[in-house]
Amino acid sequence: MITLVGKVVLITGGSRGIGAAIASMMSEAGATTALTYNADKASAQRVARRIARGGSECLIIQADVSKAADVRRTVRTVLDHFGRIDILVNNAGIWKRGRIGRMTEAQWDETLDVNLKGTFLFSNQVIPVMRKQRGGKIINIASTAGQRGEPFYSHYAASKGGMIAFTKALGAELAPENIIVNCVSPGWVYTDMTARVLRDAKQRKEVKKLIPRGRVGSPDEIAGAVLFLASDLSNHIVGAAINVNGGSVLFG
83 MITLVGKVVL ITGGSRGIGA AIASMMSEAG ATTALTYNAD KASAQRVARR
133 IARGGSECLI IQADVSKAAD VRRTVRTVLD HFGRIDILVN NAGIWKRGRI
183 GRMTEAQWDE TLDVNLKGTF LFSNQVIPVM RKQRGGKIIN IASTAGQRGE
233 PFYSHYAASK GGMIAFTKAL GAELAPENII VNCVSPGWVY TDMTARVLRD
283 AKQRKEVKKL IPRGRVGSPD EIAGAVLFLA SDLSNHIVGA AINVNGGSVL
333 FG
């Protein structure tokens, strides 16, 4: 029922985890994909090869999402290669512990620059393209941390809370132009980013206690929500934060 045939999707941070799952699921729905990676070229190449085996094209581009020049170059490369961008998924992000009172300005800036500034930079470059095309979809990958806060990760929570507010503002601003903006807010998900915590049996048990479904989510479960928001089935959903967290946070 969901088809993205003829659509070009740009996914930031698409080499591993949630981003890789989104790229694979989008391609299975018929989309042509482009994804960015920062340092792990080998993982990005593996994603591209997997997508190619399924019969779809995947373009990989190295980019630091916090650098405006890299963002401009990425968007130009996708347009030169595919001619359009129909869907933007702002997924690139980092999650690093930082105790308030000891956190450095550099730690704060790094997280806000990648998670929030990167979302702004890519949106700011792609929206004029979508305006010329008379429509498009932007899907931001936020977090439950941006809804309820997260001790020892206040910089991360601030970045994701900002992303949710940014989503709502753009949703209202751009809906009259047929550019639909929403976000997905994952809870705990098994990825490379969370492996350090979830490998520890005691911490994993404590995390599961917070989730009514009693388990941690998978990247594919986040990708499914993104695929829905990218499809025509979601055209009247604007500025929403779709929670995919097993019930751990129950507000949008």
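Position one of the sequence shown corresponds to residue 83 (the numbering used here), numbered consecutively onward. Ideal Cβ placement from N, Cα and C applies to all residues, glycine included.
Quick check on leucine 56: does DSSP put it in helix, strand or coil? Examination of residue 56 is not possible in this model, given that the chain is present from 83 through 334 alone.
Do the stretch 146-158 and the stretch 123-133 make contact, defined as three or more Cβ pairs closer than 8 angstroms? no
State the Cα-Cα distance for the pair glutamate 303 and glutamine 127, rounded to the nearest angstrom. 23 angstroms
Identify whether alanine 322 lies in helix, strand or coil by the three-state DSSP scheme. coil
Residue closest to alanine 251, alpha-carbon to alpha-carbon, out of Thr94, Lys284, Ser205: Ser205
Chain-order list of residues whose beta-carbon lies under 7 angstroms from that of histidine 163 (same chain, five-residue window excluded): Leu141
Sorted by chain position, which residues of the same chain lie with C-beta nearer than 6 angstroms to lysine 242's C-beta, five sequence neighbours on each side aside? Ala224, Ser225, Ala227, Gly228
Quick test of your reading: aspartate 168 and valine 90, contact by CB under 8 angstroms. State the CB separation rounded to the nearest angstrom. 5 angstroms
Per the DSSP calculation, glycine 299 is bridged to which residue(s)? Val271
Residues of its chain near asparagine 260, where Cβ-Cβ distance is below 8 angstroms and the 5 sequence neighbours each way are ignored: Arg216, Gly217, Gly218
Cβ pair count under 8 angstroms reaching 3, the stretch 326-333 against the stretch 194-209: no
Presumed contact (8 angstroms Cβ cut-off) between isoleucine 221 and cysteine 265, rounded CB distance: Isoleucine 221 to cysteine 265, Cβ: 7 angstroms. Contact.
From the DSSP output, which residues share a beta bridge with alanine 116? Leu92, Leu141
In whole angstroms, what separates the C-alpha of proline 210 from that of alanine 124? 32 angstroms
Simplified DSSP assignment, three categories, for leucine 170: Under the three-state reduction of DSSP output, leucine 170 falls in the strand class.
8 angstroms Cβ cutoff met for leucine 315 and isoleucine 324: Judged by their CB atoms, leucine 315 and isoleucine 324 are not nearer to each other than the 8 angstroms cut-off.
Determine whether the beta carbon atoms of serine 109 and threonine 118 lie at a separation below 8 angstroms. no
Does DSSP put glycine 218 in a helix, in a strand, or in coil? strand
Histidine 237 versus tryptophan 190: straight-line alpha-carbon distance, rounded: 6 angstroms
Going by DSSP in three states, valine 196 sits in which element: helix, strand or coil? Helix.
Going by DSSP in three states, asparagine 317 sits in which element: helix, strand or coil? Asparagine 317: coil per DSSP, three-state reduction.
Which residues share a DSSP beta bridge with isoleucine 261? Gly218
Local Cβ density within 10 Å of threonine 186, reported as buried at 16 or more and exposed below that: exposed
Measuring CA to CA, which of Asp122, Leu309, Asp282, Tyr272 is closest to asparagine 327? Asparagine 327 has its Cα closest to that of Tyr272, out of Asp122, Leu309, Asp282, Tyr272.
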